[in-house]
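Participant: Starting off with a structure, shown below.
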Amino acid sequence: MSTILSSNVYLNDLETYGYTITPDALNNELINDLITDCHRTALYFSAAKIGRLNDLQIDQTIRKDKTFWLDGSSQAQLTYQAIMESIKTTLNRQFFTGLFDYECHYAKYTQGDFYKKHLDAFKGRSNRVFTTVLYLNSPKRGGELVIYKPKSKQIEVVIKPVAGTLVMFESERFAHEVLPAIDERFSIAGWFRKNTSISGVIDPPR
């Protein structure tokens with residue numbers, strides 16, 4: 004499988020810090036295939052939304068990126084999804100998290116695009132457990148990911164986008180933002196999820 008990701012490193016980091024940053028997590032061939040596939044789907048990108056289900060809405064005062072949800076329509080997507088499935092199994096064995104799904108989309112930030120500080124999950128109200136970001140290119144300027152200390156305005160870490168770097172963090176614990184892009188920035192944003200279906204109410208995928 005097209006990965007050199009060391010489970011010992013990212014598991015130790017997740018357990019100790021709640022987040023992990025892995026440069027060169029996937030090999031260059033797969034990264035190239037993914038960025039090519041990302042460009043292939045360019046016509047199908049749409050303005051990113053906030054909220055879930057009936058509350059989904061476009062609010063470009065909060066985020067201005069464009070997204071395309073991976074649908075398994077290329078070998079590159081299938082390979083990436085298989086890798087994340089393997090990571091999901093490892094996370095379940097290590098942390099007993101009950102993860103059952105991984106969802107992800109391509110994200111494109113052009114000049115001036117941003118995503119203001121937010122949480123991907125609210126405690127007790129979301130099925131998202133771990134957030135992932137895989138960078139597909141290396142913009143020289145802008146588009147940094149800022150992760151904040153839990154329940155704080157203080158910055159924990161600022162991550163410059165570099166192709167092949169995989170970032171993973173606890174969705175409920177860390178607020179984060181994407182600073183305005185100057186050069187185009189491409190990535191795959193994803194979430195490992197648990198099943199929160201109860202009393203006949205089906206847990207939605209997004």
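For what it's worth, this note's numbering labels the leading residue of the sequence shown as 4, then goes sequentially. Backbone N, C-alpha and C fix where the C-beta goes; we use that ideal spot for every residue, glycine too. Computed from a prediction, not measured in an experiment: that's the story for all the values here.
(1) Measure the Cβ-Cβ separation of residue 59 and residue 52 and say whether it is below 8 angstroms.
(2) Which of the three DSSP states, helix, strand or coil, is assigned to residue 1?
(3) From the DSSP output, which residues share a beta bridge with residue 131?
(4) Take the Cβ of residue 130 as the centre, count every other Cβ of all protein chains shown within 10 Å, and call the residue buried at 16 or more, exposed below.
(5) Comparing alpha-carbon positions, which option in 194, 120, 31, 68 lies nearest residue 3?
(6) What separation, rounded to the nearest whole angstrom, lies between the Cα atoms of residue 173 and residue 43?
(7) Please determine, among 191, 185, 12, 183, the residue with the shortest C-alpha to C-alpha distance to residue 93.
(8) What residue range does the beta strand (DSSP E) around residue 161 cover?
(9) If you measure between the beta carbons of residue 37 and residue 112, is that distance less than 8 angstroms?
(10) Do the stretch 151-167 and the stretch 68-76 touch if we need at least three Cβ pairs shorter than 8 angstroms?
Facilitator: A quick look at the data gives this:
(1) On the sequence shown, residue 59 is found 56 positions in, with the first residue counted as 1. On the sequence shown, residue 52 is found 49 positions in, with the first residue counted as 1. A distance below 8 angstroms separates the beta carbons of residue 59 and residue 52.
(2) The shown model of the chain, from 4 to 209, leaves out residue 1, and the question about it has no answer.
(3) Taking the sequence shown and counting its residues from 1, the one referred to as residue 131 is at position 128. For residue 131, which the question treats as bridged, DSSP gives the partners 196.
(4) Taking the sequence shown and counting its residues from 1, the one referred to as residue 130 is at position 127. Counting other Cβ atoms within 10 Å of its Cβ, residue 130 reaches 16 or more and is therefore classed as buried.
(5) The structure shown has nothing for residue 3, since the chain only spans 4 to 209.
(6) Along the sequence shown, one-based indexing puts residue 173 at 170. Along the sequence shown, one-based indexing puts residue 43 at 40. Distance between residue 173 and residue 43, taken at the CA atoms: about 31 angstroms.
(7) Residue mapping note: residue 93 aligns to position 90 of the sequence shown, counting from 1. The shortest C-alpha separation from residue 93 is found at 12.
(8) Stepping through the sequence shown from its first residue, residue 161 is reached at position 158. It spans 158-162 - the beta strand (DSSP E) in which residue 161 sits, taken as one unbroken run.
(9) The sequence position of residue 37 within the sequence shown is 34, counting from 1. The sequence position of residue 112 within the sequence shown is 109, counting from 1. At least 8 angstroms separates the beta-carbon of residue 37 from that of residue 112.
(10) No, because fewer than three Cβ pairs between the stretch 151-167 and the stretch 68-76 fall closer than 8 angstroms, the two stretches do not touch.
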